[in-house]
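Step one of this worksheet: look at the structure below.
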Amino acid sequence: MVVADELRELIDGHHEWLLVRDSGRSFPLDRSEIEITAEADRTLFGFPDEKGFHSWRLNGFGVEGLELAVDVAGAFGRKQESLRLIPRTPASALTAEVELARLQKANEIGRLIFDNFPGTKLERVALNLETGRIAQIVFALDGKHFAAVADVTGSLTPETMIASAMLWYEKLGLRKKKPVLDIWVIAEKRRAKELQKLHTLLTDRWKSILTILEISRRIEPPKLTELHERKIRDLWRERAKKVVLPADPRPSATAASLISLSPEKVDIVYSRQGETLRFHGLPFARVRSMMGREKAWFGVGKSKTILNEDTSAQLSELMDALHLHRSPTAPGKRHELFRVASEAWLESILSRNIKLLDANLILAPLYNQFRSSNDKIDLLALRKDGRLVIIELKTQPDREMVFQAADYWRKIELQRRRGVLAAADLFSGLEIIDKPALVYLVAPALAFHRDFDYFAGAVAPEIEIWRFELHQNWREEIKVIGRVSRT
Numbered sequence: 010m011v012v013a014d015e016l017r018e019l020i021d022g023h024h025e026w027l028l029v030r031d032s033g034r035s036f037p038l039d040r041s042e043i044e045i046t047a048e049a050d051r052t053l054f055g056f057p058d059e060k061g062f063h064s065w066r067l068n069g070f071g072v073e074g075l076e077l078a079v080d081v082a083g084a085f086g087r088k089q090e091s092l093r094l095i096p097r098t099p100a101s102a103l104t105a106e107v108e109l110a111r112l113q114k115a116n117e118i119g120r121l122i123f124d125n126f127p128g129t130k131l132e133r134v135a136l137n138l139e140t141g142r143i144a145q146i147v148f149a150l151d152g153k154h155f156a157a158v159a160d161v162t163g164s165l166t167p168e169t170m171i172a173s174a175m176l177w178y179e180k181l182g183l184r185k186k187k188p189v190l191d192i193w194v195i196a197e198k199r200r201a202k203e204l205q206k207l208h209t210l211l212t213d214r215w216k217s218i219l220t221i222l223e224i225s226r227r228i229e230p231p232k233l234t235e236l237h238e239r240k241i242r243d244l245w246r247e248r249a250k251k252v253v254l255p256a257d258p259r260p261s262a263t264a265a266s267l268i269s270l271s272p273e274k275v276d277i278v279y280s281r282q283g284e285t286l287r288f289h290g291l292p293f294a295r296v297r298s299m300m301g302r303e304k305a306w307f308g309v310g311k312s313k314t315i316l317n318e319d320t321s322a323q324l325s326e327l328m329d330a331l332h333l334h335r336s337p338t339a340p341g342k343r344h345e346l347f348r349v350a351s352e353a354w355l356e357s358i359l360s361r362n363i364k365l366l367d368a369n370l371i372l373a374p375l376y377n378q379f380r381s382s383n384d385k386i387d388l389l390a391l392r393k394d395g396r397l398v399i400i401e402l403k404t405q406p407d408r409e410m411v412f413q414a415a416d417y418w419r420k421i422e423l424q425r426r427r428g429v430l431a432a433a434d435l436f437s438g439l440e441i442i443d444k445p446a447l448v449y450l451v452a453p454a455l456a457f458h459r460d461f462d463y464f465a466g467a468v469a470p471e472i473e474i475w476r477f478e479l480h481q482n483w484r485e486e487i488k489v490i491g492r493v494s495r496t
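With the sequence shown counted from 1, adding 9 to any position gets you the working numbering.
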């Protein structure tokens, strides 16, 4: 209790803070957005970011000048992190500090290239102008000009790195003098292996242009190692991840009562930690069994209230607000309840009736619900002819959509080939035929990124991709206005 009071007093000393995660990502917060609650045996530290609201165990904190260093841990201590809280007054100085640290990292990558490849002449080391999170290096070697990219934050996905490398390559290829014809993507060991798998899913042209290099730190000084180019067939030698489904996929009594409040709009997502209730895809309640008793919380975003007789009226108010604002006919389209979690809203509509998208599909509902609990929006379906269909949904332009779907295809295809999906009986006895899964990329017509066709053309022809364009008013009615095969 003393720790909670001390930290609360320090946070209340400034109106605005800048929260910096271990990954280097930063988020401006008002002091009222930071929650500190003390329970019988622990203190919880709550904060929002772009993925929602987090409430983690507070292990301790320290004061470093004006900054606060807060040590937190996720559920069961699986993820530990040290957060930095910096008063917004010196935030501009922090921005300069972060940029300098990233530039130093970029120069470190440049030095690795120089040291590992004798005869290298570095011509340019900089950060990309768009985000300042990617090192862009141009160098000459053996009379040829090369370029290299590297993530200087440690937080970018392989999809982001591949997309960024391709777009930069096209710009460099337009140079009249010293055109760059090869580009390296450099990463630490774990991320390099992920990049290598995504690289395998590209066309032969792009596999010849892009080279994946791994930073090996087992020796000093670190060494750059080129990862060999792989064939798609090489991916099927890996171990397939098992499909883990809930043992008893029936709603608890508490969850069932919450579903009954609006059965046509509320669905349930199962996870190992309990049940999540969603209103048109938006989580608004959670149920867990603790010591043999069911306990429920409700609220949207960072606001969470324990459900009991005293708070039932607040739950009714929340449901009224959801019915009003999270509706196709909402009075204000800019209301937060209308705008938030739009992809989950689309997923919730199709989960109830996948035939709105394609009359030939049968959904694997339980599998998809369980995956959704891990922030996966993708749906897995079966065509009437027995062929698997992977469905990737977007409601806003997403540059990496194609590569995300391709990586998901790789994982599902591995499970299919190893018999994991058939053993899980996801489609109630229906046979999955021995053909590669199809990929349906679904979004409102205007929500496909302007580079969609460019990136779709970079994916290996073995992955059959279909583009489904929806009417913009999809919340009111799912209407497919365009269906085009990439091939």
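Yeah, the Cβ is synthetic: ideal placement off N, Cα and C, and Gly gets one too.
Could you check how far apart the C-beta atoms of residue 66 and residue 78 are, in whole angstroms? I think they sit under 8 Å.
At roughly 16 Å, the Cβ-Cβ gap does not stay under 8 Å, so residue 66 and residue 78 are not in contact.
Would you list the residues sitting across from residue 491 in a DSSP beta bridge?
Looking at the DSSP assignment, residue 491 forms a beta bridge with 478.
Distance, residue 194 Cα to residue 156 Cα:
9 Å
Go ahead and label residue 488 buried or exposed: buried means 16 or more other beta carbons lie within 10 angstroms of its beta carbon, across all protein chains shown.
exposed
Report the start-end ranges of each alpha helix (DSSP H) in the stretch 124-208 that is 4 residues or longer and not cut off at the edges.
Those alpha helix (DSSP H) runs which fall completely within the stretch 124-208 and span 4+ residues are 167-182.
Among the residues of its own chain, which have a CB less than 7 Å from the CB of residue 403, if the five just before and after it don't count?
352, 410, 452 and 456
With DSSP as the reference, please indicate the residues paired to residue 299 in a beta bridge.
302
Start-end ranges of the beta strand (DSSP E) lying completely within the stretch 390-467, minimum 3 residues:
397-402 and 447-453
Within the same chain, show all residues whose beta-carbon is closer than 7 Å to that of residue 68, passing over the 5 residues directly before and after it, in chain order.
80, 81 and 82
For the structure I just gave you, are there three or more beta carbon pairs, one from the stretch 476-495 and one from the stretch 414-421, closer than 8 Å?
no
Hey, out of 280, 205, 215 and 309, whose CA is closest to residue 61's CA?
309
Using a 10 Å radius around the Cβ and a threshold of 16 neighbouring Cβ atoms, would you call residue 273 buried or exposed?
exposed
Can you list, in chain order, the residues of its chain with a C-beta nearer than 8 Å to that of residue 454? Leave out the 5 residues immediately preceding and following it.
So the qualifying residues of the chain are 478, 479, 480, 481, 490 and 491.
Does DSSP put residue 383 in a helix, in a strand, or in coil?
Because residue 383 sits at a pLDDT of 45, beneath the cut-off of 50, its placement in the model cannot be relied upon, and the following sentence gives the value as read from the coordinates. DSSP places residue 383 in coil when its eight states are reduced to three.
For residue 400, count neighbouring Cβ atoms within 10 angstroms of its own Cβ and tell me buried if that reaches 16, exposed if not.
buried
With DSSP as the reference, please indicate the residues paired to residue 360 in a beta bridge.
In the DSSP output, where bridge partners are listed per residue, residue 360 has none listed.
Work out the CA separation of residue 251 and residue 383 for me, nearest whole Å.
Confidence at residue 383 is low in this model, with a pLDDT of 45, below 50, so its placement is unreliable and no value can be given for it.
Between residue 374 and residue 328, what straight-line distance do the alpha-carbon atoms span, to the nearest angstrom?
25 Å
Are residue 54 and residue 45 close, meaning C-beta to C-beta below 7 Å?
yes
Check for me: the alpha helix (DSSP H) holding residue 332 runs from which residue to which?
321-334
Quick check on the burial criterion: 16 or more other C-beta atoms within 10 angstroms. Buried or exposed for residue 228?
exposed
Close beta carbons around residue 413, own chain, < 7 Å, minus the five adjacent residues each side
Here the set comprises 168 and 401.
On the criterion of 16 or more Cβ atoms from any shown chain inside 10 Å, does residue 208 qualify as buried, or is it exposed?
buried
Leaving out five residues before and five after residue 23 in sequence, what residues of the same chain have Cβ atoms less than 6 Å from its Cβ?
96
Going by other Cβ atoms of all chains shown within 10 Å of its Cβ, with 16 needed for buried, is residue 363 buried or exposed?
buried
When we look at the beta-carbon of residue 285 and count the other beta-carbons within 10 Å, is it buried (16 or more) or exposed?
By the neighbour-count rule (16 or more Cβ atoms within 10 Å), residue 285 is buried.
Can you give me the start and stop residues for the alpha helix (DSSP H) that residue 215 sits inside?
213-218
Would you list the one or two residues that DSSP bridges to residue 283?
280
Is it a yes or a no for the stretch 318-325 touching the stretch 247-261, going by three-plus beta-carbon pairs under 8 Å?
no
Using 8 Å as the Cβ pair cut-off and three pairs as the minimum, do the stretch 331-343 and the stretch 286-304 touch?
yes
Could you tell me the alpha carbon to alpha carbon distance between residue 569 and residue 258, rounded to whole angstroms?
The structure shown does not extend to residue 569, since the chain spans only 10 to 496, so no value can be given for it.
Check whether residue 302 and residue 283 have beta carbons under 7 Å apart:
no
Any idea what DSSP makes of residue 93, helix, strand or coil?
Correct three-state label for residue 93: strand.
Measure from the C-beta of residue 68 to each C-beta in chain D and report whether the shortest distance is under 7 Å.
Absent here is chain D; the protein component of the structure consists of one chain.
For a test of the three-state rule: what should DSSP assign to residue 339, helix, strand or coil?
coil
On a CA-only basis, which of 138, 154 and 110 is nearest residue 131? Give me that one, please.
It is 154.
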